[in-house]
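So the structure is just underneath, and the comments pick up after that.
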Amino acid sequence: MGHSLLCMMGFFLLSTVICGNAEDNITHSQDADEEEEQTTSAQRDEFGVNSGNSNLKTDSTTAPIKPTVTVQPFWPQIYSGETVTVRCEIQGGKGAQWTYEWSPYKSNTPPTSNEYKITVTESDSGGYSCRGRRSSSWTEWSNNITLRVIAPPEPTVTLQPSRTQIHSSVIYSGETVTVRCEIQGGEGAQWTYEWRRNKLNTPPTSREYTISGATKSDGGGYSCRGKRDSSWTEWSDNITLTVLSPPKPTVTLQPSWTQIYSGETVTVRCEIQGGEGAQWTYEWRPARLNTPPTSSEYRITVTESDGGGYSCRGRADRFFTEWSDIITLTVSSPPKPTVTLQPSWTRIYRGETVTVRCEIQGGEGAQWTYEWRRGQINIHETSNEYKIITATESAA
Numbered sequence: 001m002g003h004s005l006l007c008m009m010g011f012f013l014l015s016t017v018i019c020g021n022a023e024d025n026i027t028h029s030q031d032a033d034e035e036e037e038q039t040t041s042a043q044r045d046e047f048g049v050n051s052g053n054s055n056l057k058t059d060s061t062t063a064p065i066k067p068t069v070t071v072q073p074f075w076p077q078i079y080s081g082e083t084v085t086v087r088c089e090i091q092g093g094k095g096a097q098w099t100y101e102w103s104p105y106k107s108n109t110p111p112t113s114n115e116y117k118i119t120v121t122e123s124d125s126g127g128y129s130c131r132g133r134r135s136s137s138w139t140e141w142s143n144n145i146t147l148r149v150i151a152p153p154e155p156t157v158t159l160q161p162s163r164t165q166i167h168s169s170v171i172y173s174g175e176t177v178t179v180r181c182e183i184q185g186g187e188g189a190q191w192t193y194e195w196r197r198n199k200l201n202t203p204p205t206s207r208e209y210t211i212s213g214a215t216k217s218d219g220g221g222y223s224c225r226g227k228r229d230s231s232w233t234e235w236s237d238n239i240t241l242t243v244l245s246p247p248k249p250t251v252t253l254q255p256s257w258t259q260i261y262s263g264e265t266v267t268v269r270c271e272i273q274g275g276e277g278a279q280w281t282y283e284w285r286p287a288r289l290n291t292p293p294t295s296s297e298y299r300i301t302v303t304e305s306d307g308g309g310y311s312c313r314g315r316a317d318r319f320f321t322e323w324s325d326i327i328t329l330t331v332s333s334p335p336k337p338t339v340t341l342q343p344s345w346t347r348i349y350r351g352e353t354v355t356v357r358c359e360i361q362g363g364e365g366a367q368w369t370y371e372w373r374r375g376q377i378n379i380h381e382t383s384n385e386y387k388i389i390t391a392t393e394s395a396a
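Positions 1 to 396 (the working numbering) are the ones given, in order, by the sequence shown.
Take a look at the structure:
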């Protein structure tokens, strides 16, 4: 009985010593884990922002935050006088009370905001970047975004078709003309347009207007300007549209003889008075003259089949003039000249004076020159007559 009691007490004491040491070991291990976890958490906050304590270990599972700079509107170039918004965006940083720092420094007007509205000048060109601050912790700097500010482009008004010098264009009544506002260097922008000639401002204001069946009331000066967002370009220079009555062509002949002889060469020409500056093509009647490209004139070595009426009209783009009045070309066989003597005696005596004359019946009005022959010998005389003074037998 006594031996059994001693044995039980010894077993109890041994269990107490072993269990107590194990419990102490478990408690000490938990305390160490909590201390290490607190040390790691102290180095980064919940947004991964550096706290500045260099003695603390890094939590490699949390990436540093890097802001992004955006520009609205995001155009490839900005014009002086336009307004843009530069914004610093921190992804994953929602809920934090951020303040911001900007580069260039001129953007830092306390309190530092996440966005700035700038009515830009060319001096605002350059790179923009930002970083965020929460308490005493900073994010990284964002990548640079470049703002390019240039002087606004100057528009130009063009007319199609255009027939004369710079700043002026001539069209004819009834034609169709397109008035266009062109902004060089403004490609890619969403422009609206304003025109000077009030009737053109019919919303939405367009880059071009087509005037069909132009009348003289459509003549005058046209200018335009472009608007992008809330910013306007300068007004373009004026271009003047002149609307004329359609010209009427005239057919002329060179030489201008009323009668042409077979074998002669004549030039038929279509002249459009007041049509200078236009790129004309021509249409002829009779149609056999229309050998493309249709020209303003034709040289014809005539035969009697070329006789008849000739008329023409001009074409510029899709516009035709009226037909000209008809000019008639009369082609006949060449006349045969006759030689006469004055006096018309059948016998001439030595010492007398005689006039030899070449007469061409039906050739009146033509500018003739003459060739003479005595027997087989050419005489150097181009007049229609010559005198033989003090005739001799050798003159016979």
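C-beta atoms are modelled at their ideal positions from N, C-alpha and C, and glycine is treated no differently.
Computed from a predicted structure; not experimentally measured.
For V251 against Y298, the beta-carbon gap comes to about 11 Å, at or over 8 Å, which does not count as contact. Judged by DSSP secondary structure, Y222 falls within the beta strand (DSSP E) whose first and last residues are G220 to R228. For G308, the enclosing beta strand (DSSP E) begins and ends at G308 to A316.
Take the alpha-carbon of Y370 and the one of G362: they are about 16 Å apart.
Around the CB of G263, fewer than 16 other CB atoms lie within 10 Å, so the residue is classed as exposed. In the DSSP annotation of this structure, W141 is not part of any beta strand (DSSP E), being labelled neither H nor E. Following the DSSP letters along the chain, one finds L159 inside the beta strand (DSSP E) bounded by residues P155 to Q160. The continuous beta strand (DSSP E) containing V268 extends over residues T265 to E271. Within the DSSP secondary-structure output, F320 pairs in a beta bridge with R315. Annotation: Y349 is outside any beta strand (DSSP E) and is labelled neither H nor E by DSSP. Cβ contact annotation for E115 (same chain, cutoff 8 Å, sequence separation greater than five): T85, V86, R87 and C88, in chain order. The DSSP-derived three-state label of R285 is strand. Below 8 Å, enough C-beta pairs join the segment 233-243 and the segment 150-161 to call them touching: three or more. At the C-beta level, G126 and Y100 stay beyond 7 Å of one another. Rounded to the nearest whole angstrom, the CA to CA distance from W138 to K117 is 24 Å. 7 Å or more divides the Cβ of T281 from the Cβ of R225.
Look at the beta carbons and you see the segment 210-220 touching the segment 167-178: at least three pairs across the two are nearer than 8 Å. In the structure shown, K336 falls within a coil segment according to DSSP collapsed to helix, strand and coil.
If the five residues before and after W191 are omitted, its C-beta is found closer than 6 Å to the C-beta atoms of G226 and R228, all from its own chain and listed in chain order. If you draw a straight line from the Cα of S295 to the Cα of G275, it is about 15 Å long. Listed in chain order, the non-local C-beta contacts of S333 below 8 Å within the same chain comprise Y261, S262 and E304, local neighbours out to five positions each way being set aside.
Counting C-beta atoms within 10 angstroms of its own C-beta, T338 has fewer than 16 neighbours from the protein chains shown and is therefore classed as exposed.
By the C-beta density criterion, E82 is buried, having at least 16 other C-beta atoms within 10 angstroms. Only residues of its own chain outside the window of five on either side were considered, and among them P152, P153, E154, P155, I183, R225 and G226 have a CB closer than 7 Å to the CB of T233, listed in chain order.
Measuring C-alpha to C-alpha distances from D218 to each of V179, N144 and K106 identifies V179 as the nearest. The C-alpha of R285 lies about 6 Å from the C-alpha of Y310.
Counting every other CB atom within 10 Å of its CB across the protein chains shown gives R313 a total of 16 or more, marking it as buried. In this structure Y349 is exposed. Its beta-carbon is surrounded by fewer than 16 other beta-carbon atoms within 10 angstroms. G126: member of the beta strand (DSSP E) spanning G126 to R134, first to last residue. It is roughly 42 Å from the alpha-carbon of C130 to the alpha-carbon of W195. In the same chain as P247, and ignoring 5 residues on each side of it, the C-beta atoms closer than 8 Å to its own belong to Y172, I272, Q273, G274, G275, G314 and T321, in chain order. With contacts defined as CB atoms closer than 7 Å, I379 and V354 fail to qualify as a contacting pair.
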